[in-house]
Every structure is written in C-alpha cells, then in structure tokens.
Amino acid sequence: MLTVENLTFNYHRKKSPLFSDFSLSLPKGGVYGLLGENGAGKSSLIYMMTGLLTPKKGHVMFDGIDVRRRLPETLSKIYLVPEEYELPPISLRKYVKLNAPFYPRFSEEDMNNYLHIFEMDDDINLDELSMGQKKKVLMSFALATHTPLLLLDEPTNGLDIPGKSQFRKFIAQGMTDDQTILISTHQVKDVEQMLDHIIILERNRILLNETSQRICERLSFIESNDKDMLDKAIFSQPTFNGNGMLLPNEDEETEARIDLELLFNGTLNYPLEVANVFKATTK
39 MLTVENLTFN YHRKKSPLFS DFSLSLPKGG VYGLLGENGA GKSSLIYMMT
89 GLLTPKKGHV MFDGIDVRRR LPETLSKIYL VPEEYELPPI SLRKYVKLNA
139 PFYPRFSEED MNNYLHIFEM DDDINLDELS MGQKKKVLMS FALATHTPLL
189 LLDEPTNGLD IPGKSQFRKF IAQGMTDDQT ILISTHQVKD VEQMLDHIII
239 LERNRILLNE TSQRICERLS FIESNDKDML DKAIFSQPTF NGNGMLLPNE
289 DEETEARIDL ELLFNGTLNY PLEVANVFKA TTK
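Whatever position you read off the sequence shown (first residue = 1), add 38 for my numbering.
See the structure below:
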C-alpha cells in the first residue's frame with residue numbers, strides 16, 4: 039500500500055539529516071505501532087507519508103502514486119490526525135457537511151456510533167470543547183472516513199483514563215480488514231494490546247520491524263526475582279515485584295502478552311541482541 043523509498047530529509051541545511059537513504063513499507067491491513075524516542079522523526083515521517091513535508095531525496099508512494107503530488111485521488115484515501123491541531127469555531131454538523139464529501143466512503147452513521155463510544159453526540163460546537171473532547175471528535179470523524187490509510191500521531195495525549203479505555207474500544211470496533219492504521223505514540227501502555235505489527239525507530243534506522251505474533255514467538259516478557267533467569271535476560275528493569283525481563287523465547291510459546299515498554303527499552307539499549315533473536319533459525 040505505502041512504501042518509503044530511499045528517503046533523505048532534514049529541516050536545516052547545516053544540520054545532519056533526520057533521515058538518510060531510509061526505506062519502509064506498510065502492507066495493506068492491520069494496526070501498526072510506530073515507536074521511538076523524542077527526536078527520532080516519527081511525526082516528520084508521518085507528515086512525509088501525507089505529502090505535507092517533502093523529502094530532499096527519495097519518494098513516498100501510495101498505491102504507486104507519489105504523495106508529494108497531493109492529488110485528490112490520493113488524499114481522499116489517507117487521513118491524518120496530528121498531535122496538535124485547531125478545529126474551526128463551527129458546529130460538528132457543519133464541519134461534517136463541509137468535509138465529508140471529500141471522502142467517498144464516509145459514514146455519518148458510523149461517526150455517530152464512534153462518538154457514542156466516547157459518550158458524545160453530534161449536537162456540539164467545536165469551539166466549546168476541551169482538548170480531549172476535540173481529539174475524540176476528530177478521531178471519530180477520521181475513522182468514519184474509512185480511508186485505506188489512517189495515521190494517528192499521539193492519539194491518546196489529552197485523553198483521561200476512561201477516554202484511553204474508550205479509544206481502545208473505538209479502534210477495535212471501527213477497524214476493517216482492508217484498512218491500515220499507523221499509531222505513533224510514546225504512551226505505549228495505551229496501545230500495546232492493539233497492535234498487529236511493531237516498528238521501533240531510532241534516528242535514521244529501524245531497530246525492529248516485526249509482527250506481534252513473531253515477537254511473541256521469539257521473545258518472552260517475564261517478571262521475576264529468579265537470578266538464573268536474570269543472567270539469561272537480554273534486558274531487565276526493576277519493577278515492584280522484582281525485575282521485568284526480556285528473554286529469548288526458548289519454549290516458543292506464543293500466548294504471552296507483549297510488554298511494549300520492556301520491548302522498547304530493551305531494543306533501544308541492546309538492538310543487536312534483539313535483532314539476533316529474530317535472525318536465529320526457528321527450531
């Protein structure tokens with residue numbers, strides 16, 4: 039669906055490139071998590087995926103068309119919910135009337151269903167909403183467009199605890215088999231059970247790009263005080279009940295849940311060791 043080909047990009051000529059000869063592909067279908075530290079380029083990459091930023095070299099292709107051309111036929115298939123945005127001082131109904139025609143698969147009924155998950159309705163004025171409420175409204179509209187590619191940049195920022203739980207239900211209910219959703223976030227605990235595929239980005243390189251199923255096949259996430267197990271761990275971090283440990287999955291059991299924080303920190307600190315786990319031959 040979307041391919042990033044040999045991308046080079048920087049904001050200032052005197053600074054080293056944020057991306058240099060960088061490539062990535064997003065196949066059709068599934069929920070992708072894009073993780074990385076501040077400054078890793080997650081938001082910049084997402085904006086280049088929509089054509090809002092232009093790379094110095096390389097291309098971002100969506101269904102074979104360069105997104106920098108900003109063609110209506112391409113833009114109507116991509117929707118971006120940025121981390122920060124302003125909504126116009128109008129009613130939601132007027133907002134829908136003005137914007138929905140651009141998206142041929144938009145469903146007002148679905149939007150109202152998504153608003154209902156967030157305990158909201160469409161009889162509201164956008165300029166009277168809090169930041170969290172605005173995010174709920176924009177995400178409801180975004181998912182109702184049913185675009186093949188939906189990009190969410192820090193979607194849980196500004197949401198309270200019930201809102202984060204509603205967000206997970208919102209994605210689960212609105213996701214379709216032919217849609218690709220890319221979630222860029224620091225709030226890993228908010229999304230770790232939603233992701234089909236995990237991409238960990240460090241400046242100008244991908245440290246991990248694997249399906250959740252393969253991660254569970256290759257890695258174990260354990261909390262224990264066992265010293266022998268600790269010696270075998272690729273990475274560990276203290277917890278209230280001992281140590282959270284990232285280990286090779288020697289038993290190849292795939293029922294364990296991914297601890298996304300442990301995976302992220304382990305991959306950043308020991309990228310070669312984690313990469314070698316996935317290069318090893320399956321028994």
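We put the CB at the ideal spot given by N, CA and C, even for glycine. Since the model is a prediction, treat every value here as computed from it, not as a measurement.
Practice task
State the start and end residues of the unbroken beta strand (DSSP E) segment that holds Arg256.
Solution key: For the purposes of this step, residue 256 is identified with residue 218 of the sequence shown, where counting begins at 1. Premise fails: Arg256 lies in the alpha helix (DSSP H), Ser250 to Arg256, not in any beta strand (DSSP E).
Exercise for the section: Please list, in chain order, all residues of the same chain as Met213 whose beta carbon is under 7 Å from its beta carbon, the five residues on each side excluded. Expected result: Against the sequence shown, residue 213 aligns to sequence position 175. Excluding positions up to five away in sequence, the list reads Val69 and Ile219.
Problem - 8 Å CB neighbourhood of Lys94 in its chain, flanking five on each side removed - result: Here residue 94 refers to the residue found at position 56 when the sequence shown is read from its first residue. Cβ neighbours of Lys94 beyond the five flanking positions: Thr46, Phe47, Asn48 and Pro55.
Exercise for the section: Return the CA-CA distance between Asn263 and Gly280, expressed in angstroms with no decimal places. Expected result: Here the question's residue 263 lines up with position 225 in the sequence shown. Here the question's residue 280 lines up with position 242 in the sequence shown. Each residue's alpha carbon lies about 5 Å from the other.
Practice task
Along the beta strand (DSSP E) that carries Tyr70, what are the first and last residues, could you check?
Solution key: The residue given as residue 70 occupies position 32 in the sequence shown. From DSSP, the beta strand (DSSP E) with Tyr70 extends over Gly68 to Leu73.
Exercise for the section: Please name the residue or residues paired with Glu117 in a DSSP beta bridge. Expected result: Indexing the sequence shown from 1 puts residue 117 at position 79. It is Tyr, not Glu, that sits at residue 117 in the sequence shown. Partner(s): Leu188.
Handout entry: Opening and closing residue of the alpha helix (DSSP H) in which Leu40 lies
Key = For the purposes of this step, residue 40 is taken as the residue at position 2 of the sequence shown. That residue, Leu40, is in no alpha helix (DSSP H); its beta strand (DSSP E) goes Leu40 to Phe47.
Exercise for the section: Below 7 Å CB to CB, which residues in the same chain sit around Ile155 once its five sequence neighbours on both sides are set aside? Expected result: For the purposes of this step, residue 155 is identified with residue 117 of the sequence shown, where counting begins at 1. Only Gln204, Lys207, Phe208 and Gln211 meet the Cβ criterion.
Exercise for the section: Measure how close the beta-carbons of Ala182 and Tyr133 come, nearest whole angstrom, since I'm counting them as under 8 Å. Expected result: Here residue 182 refers to the residue found at position 144 of the sequence shown. Here residue 133 refers to the residue found at position 95 of the sequence shown. With a Cβ gap of about 12 Å, Ala182 and Tyr133 do not count as contacting.
Exercise for the section: Alpha carbon to alpha carbon, how far is Asp191 from Ile221? Give it in angstroms, no decimals. Expected result: For this step, residue 221 is matched to residue 183 along the sequence shown. For this step, residue 191 is matched to residue 153 along the sequence shown. Distance between the alpha carbons of Ile221 and Asp191: 6 Å.
Problem - Same chain only: Cβ atoms within 8 Å of Arg108, ignoring 5 sequence neighbours per side - result: Position 70 of the sequence shown holds residue 108. Excluding positions up to five away in sequence, the list reads Gly89.
Handout entry: Asp350 versus Gln217: straight-line alpha-carbon distance, rounded
Key = With the chain running from 39 to 321 in the structure shown, residue 350 is simply not present.
Exercise for the section: Could you name the residues of the same chain whose beta carbon sits closer than 8 Å to that of Arg252, not counting the 5 residues immediately before and after it, in chain order? Expected result: The sequence position of residue 252 within the sequence shown is 214, counting from 1. Excluding positions up to five away in sequence, the list reads Phe316.
Exercise for the section: Determine, using beta carbons only, whether Ala78 and Arg241 come nearer to each other than 8 Å. Expected result: Stepping through the sequence shown from its first residue, residue 78 is reached at position 40. Stepping through the sequence shown from its first residue, residue 241 is reached at position 203. Closer than 8 Å, so yes.
Handout entry: Lys95, enclosing beta strand (DSSP E) - first and last residue
Key = By one-based count along the sequence shown, residue 95 stands at place 57. Here the beta strand (DSSP E) through Lys95 covers Lys95 to Phe100.
Handout entry: 7 Å CB neighbourhood of Asn247 in its chain, flanking five on each side removed
Key = Residue numbering aside, residue 247 sits at position 209 when the sequence shown is read from its first letter. Cβ within range, chain order: Ile237.
Practice task
Write down every uninterrupted run of the beta strand (DSSP E) in the segment 193 to 234 whose length is 3 residues or greater and which is fully enclosed by it, in chain order.
Solution key: 218 to 222
Handout entry: Ser63, DSSP secondary structure in three states
Key = Working through the sequence shown from its first residue, we reach residue 63 at position 25. Strand at Ser63.
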